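One structure is given below, encoded as structure tokens.
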Amino acid sequence: MSLTEKQRSVIHDTWKSMQQSRKAWNDLLISLFAKHTEYQKLFKGFANVPLDQLRDNKRLTTQMAAVVAVISACIECLHDENALIDMLKGLALRHYHRNVTIQMFENMGVVFISWLVDTLGSQTMDEEAIAAWGLFYTTFVSIIKRYYEEFDNKNANNI
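Residue numbers (our numbering): 16 to 174.
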């Protein structure tokens, strides 16, 4: 991963603040669904819950706890590229079988960084932090994409 030590530190520190903002976690998926309404249908547990009722939905809260756990684990692996890649392979496999596209991951990244800025404020999420998170997320998606291509090739060979 091409993050500098300073960028890793910025990501770690900003995420530590985000982990403590539990009340804001659900806002990430709510923001995603507001921009991409069709994505909500991918989540059977709250596919038909009106957007204005999602904030207090227990299934959404459970889903977000899982998302936060994955992001936290990725951040803990920033110094161990092999561990991060292994973790992302599992994530890619789970999402590939749910028909989550690379474009969906990319759209999530835009919403994710906006959510960080909205939640933590522009003093914490300054230009340096936004750039670090942008590079992290771009790398994250490129690894997922590489595995999606590998899965596509395996499926093509099994036909």
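Using N, Cα and C, we set each Cβ at its ideal position, and we do this for glycine too. No experiment lies behind these values; they were computed from the predicted model shown.
Counting along the chain, glycine 149 sits inside the alpha helix (DSSP H) bounded by residues 142-172. Using a Cβ distance threshold of 7 Å, arginine 74 and phenylalanine 61 count as a contacting pair.
Ranking Lys169, Asp167, Leu131 by CA distance to the CA of glutamine 34 puts Leu131 first. Between lysine 21 and the set Asp167, Asn170, Asn173, Ala147, the nearest pair of CA atoms involves Ala147. Scanning its chain for C-beta atoms nearer than 6 Å, with the 5 sequence neighbours on each side dropped, one finds no residue around valine 115. Excluding its 5 nearest sequence neighbours in each direction, glutamate 121 has C-beta neighbours in its own chain below 7 Å: Val156, listed in chain order.
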